[in-house]
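Everything in the sequence shown is counted per the working numbering, starting at 380 for the first residue and increasing by one.
First up is the structure itself, then whatever we jot down about it.
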Amino acid sequence: MASIDNAIYDRIAAAWWSDESFMALLRNSVNPPRFEYFREILAQRFGKTPPLLSVLDVGCGGGLLSERFAAIGCAVTGIDRSLPTLAAARDHARSMSLAISYQAGDAAALPFNAAQFDVVCCCDVLEHVDDFDSVIAEIARVIKPGGVFFFDTINRTWRSKLIAIKLAQDWAPTRLIPRNLHVWEKFIRPRELAASLERHGLLTHEFAGLSPAVNPLKALVSLVRLKLGWINFGQMGNSFVLAKSKDLSLSYMGFAARSAPAAISDVIPEAEARACTS
């Protein structure tokens, strides 16, 4: 198995908010639909105008999600292992006049009290750690009773190996992200994540896919224009729109909570579950 390159986040810390960096794909293509989904869940569970909620962003990176939660009035704490990344996150939050508490720390040993947060989110992180179950255990520990856990990650399927590894990383003509940013063996099947959540007292309410909402031909044209230098990553991210879907075979998101249990078969339809594990 190849070694994942998590040190890259130290090297590219200054590029989190740059349109010239591949990180702009995450910021412009992935983050908006993902946050809107999370916001809808918050409205359903806490009301359309939720009270001041305490939010912990585990593996916050440059603050893409932290800033979204802060902008709607949440009291946000972001934690990350990369000190250069945290410095970039603080600088950008300051430029946006957002009060966010950023701290250094390990997702598998969170420096917080038990039952401290109303909401915990952990996105683009679980597929990068050595033991995602230990991270889930810590997240479960710091969520208040009745609190919500938001997540997203990448499914371990033949499709994710082709698209997320071979095309997006390995093959130079289509490469969008650095090699070894992801390792296929670390991707997580929905059933594996659901089992971990249940084991630590977090009850899964939904899994939802994150899929392209544009014509494949349009996506190909955007890729060609990027490779030719006609557009930057920020512009490609704006044109390559993702949306919530029922397809879990590549990227998926969801939420869990300390509430009434849901059977895994209720969360992942039987036919979809078979596809997810293929």
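Just so it is clear, CB atoms sit at the ideal spot from N, CA and C, and this is done for glycine as well.
Given the structure is predicted, the values throughout are model-derived calculations rather than measurements.
Neighbour-count burial assignment, residue i, 16 or more Cβ in a 10 Å radius
| i | result |
| --- | --- |
| residue 423 | exposed |
| residue 421 | buried |
| residue 657 | Caution applies to residue 657, whose pLDDT of 48 falls short of 50 and renders its modelled position unreliable; the value that the coordinates give is listed next. Exposed is the call here. |
| residue 473 | exposed |
| residue 645 | With a pLDDT of 46 at residue 645, under the threshold of 50, the predicted position of this residue should be treated as unreliable, and no value is reported. |
| residue 552 | exposed |
| residue 475 | exposed |
| residue 389 | exposed |
| residue 607 | exposed |
| residue 621 | buried |
| residue 434 | buried |
| residue 592 | exposed |
Proximity of residue i and residue j at Cβ, strictly below 8 Å
| i | j | result |
| --- | --- | --- |
| residue 444 | residue 425 | no |
| residue 627 | residue 534 | yes |
| residue 704 | residue 560 | Because residue 704 is not part of the residues shown, which for the chain are 380 to 657, the question remains open. |
| residue 633 | residue 530 | yes |
| residue 522 | residue 494 | yes |
| residue 589 | residue 545 | no |
| residue 554 | residue 547 | yes |
| residue 504 | residue 438 | yes |
| residue 629 | residue 520 | no |
| residue 507 | residue 383 | yes |
| residue 467 | residue 393 | yes |
Cα-Cα separation, residue i to residue j
| i | j | result |
| --- | --- | --- |
| residue 654 | residue 464 | Its pLDDT being 48, under 50, residue 654 is placed unreliably in this model, and the coordinates cannot settle the point. |
| residue 652 | residue 583 | With a pLDDT of 49 at residue 652, under the threshold of 50, the predicted position of this residue should be treated as unreliable, and no value is reported. |
| residue 625 | residue 408 | 18 Å |
| residue 412 | residue 532 | 14 Å |
| residue 391 | residue 458 | 17 Å |
| residue 650 | residue 398 | Its pLDDT being 45, under 50, residue 650 is placed unreliably by the model, and nothing is read from it. |
| residue 509 | residue 436 | 19 Å |
| residue 617 | residue 480 | 29 Å |
| residue 613 | residue 403 | 5 Å |
| residue 581 | residue 524 | 10 Å |
| residue 579 | residue 515 | 7 Å |
| residue 450 | residue 609 | 33 Å |
| residue 575 | residue 527 | 15 Å |
| residue 563 | residue 595 | 23 Å |
| residue 598 | residue 611 | 14 Å |
| residue 429 | residue 604 | 42 Å |
| residue 381 | residue 431 | 43 Å |
| residue 602 | residue 566 | 24 Å |
| residue 462 | residue 619 | 31 Å |
Pick from the options that is closest to residue i, judged by C-alpha positions
| i | options | result |
| --- | --- | --- |
| residue 483 | 508, 456, 477 | 456 |
| residue 453 | 477, 439, 633, 543 | 477 |
| residue 406 | 447, 603, 432 | 447 |
| residue 500 | 429, 417, 556 | 417 |
| residue 586 | 568, 595, 597, 600 | 568 |
| residue 571 | 511, 468, 432 | 511 |
| residue 573 | 549, 636, 600 | 636 |
Proximity test, residue i beta-carbon vs the ligand MG heavy atom, cut-off 7 Å
| i | result |
| --- | --- |
| residue 591 | Summarising the ligand content, the structure contains no ligands, and the ligand MG is consequently not present. |
Proximity test, Cβ basis, 8 Å: residue i and chain B
| i | result |
| --- | --- |
| residue 590 | In the structure shown, chain B cannot be found, because there is only a single protein chain. |
Exercise. What are the complete alpha helix (DSSP H) segments, minimum 4 residues, inside the region 570-628?
Worked result: Those alpha helix (DSSP H) runs which fall completely within the region 570-628 and span 4+ residues are 595-606, 612-618.
Exercise. At what residue ranges does the region 385-412 contain a whole run of the alpha helix (DSSP H), taking only runs of 4 or more?
Worked result: Counting whole runs of 4 or more residues, the region 385-412 contains the alpha helix (DSSP H) stretches 387-390.
Problem set entry | Within the region 496-547, ranges of the alpha helix (DSSP H) (whole runs, at least 4 residues) | List check, alpha helix (DSSP H) in window: 511-521.
Problem set entry | Contained alpha helix (DSSP H) runs [length at least 4] in the region 430-462, N- to C-terminal order | Entirely contained in the region 430-462, the alpha helix (DSSP H) runs reaching 4 residues are, in chain order, 443-450.
Exercise. What beta strand (DSSP E) runs, 3 residues minimum, are completely inside the region 471-497?
Worked result: Fully enclosed beta strand (DSSP E) runs of no fewer than 3 residues occupy 479-483 of the region 471-497, in order along the chain.
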